[in-house]
Amino acid sequence: MAKSSRSKKSAKKKASAQETLRRRLAEQRKEILSLYEHDLRVGQEASDEGSEDIVDRANNSYNREFMFALSDTERQILLEIDEAIVRLDEGTYGSCLNCEQSIPKLRLRAVPWARYCIDCQERAEQGMVLES
Ligand SMILES: [Zn+2]
């Protein structure tokens, strides 16, 4: 009895930890997006001095330019955050996508959207891990 109520409690704790993580990932995602939306708006205002035609064109291609404004790294992180949220839903979060070992908590705290353990991450950066 005591044992079952204890495991119930830890399951609950795990669920709330996941919620915290999900929130953290969502916030991180929003932060990256708003940072670049802001940058882009500032860039557009700077070009307002030109003809209206230029402004119209800028508005039409807003989304395209927004994606251009993101650096490869930021785009990659957004992608990895989205994937991490999917893994949270699937219950595979925290496992290395390559060797399936648990990713150390310290690493997840630093990089909550980490896909690989440190060893595999190094290999991935050297192009030695085949992405599925
Ligand atoms: Zn690994």
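Numbering (the working numbering), first residue to last: 859 to 990. Using N, Cα and C, we set each Cβ at its ideal position, and we do this for glycine too.
*Buried or exposed: which applies to glycine 949, given that a residue is buried once 16 or more other Cβ atoms fall within 10 Å of its Cβ?*
exposed
*When you compare only the Cα positions, how much space is there between aspartate 947 and glutamine 984?*
Distance between aspartate 947 and glutamine 984, taken at the CA atoms: about 29 Å.
*Would the C-beta of tyrosine 894 count as close to ligand 3, meaning under 7 Å from any of its heavy atoms?*
For ligand 3, the structure offers nothing, since it holds only ligand 1.
*asked:* Measuring alpha carbon to alpha carbon, tell me which residue in Thr931, Arg945 and Gln886 is nearest alanine 968.
replied: Gln886
*Determine the burial state of valine 987: buried for a count of at least 16 other Cβ atoms within 10 Å of its Cβ, exposed for fewer.*
buried
*Residues bridged to serine 953 by DSSP?*
Ser960
*Could you please give the first and the last residue of the uninterrupted alpha helix (DSSP H) stretch that includes cysteine 978?*
976 to 983
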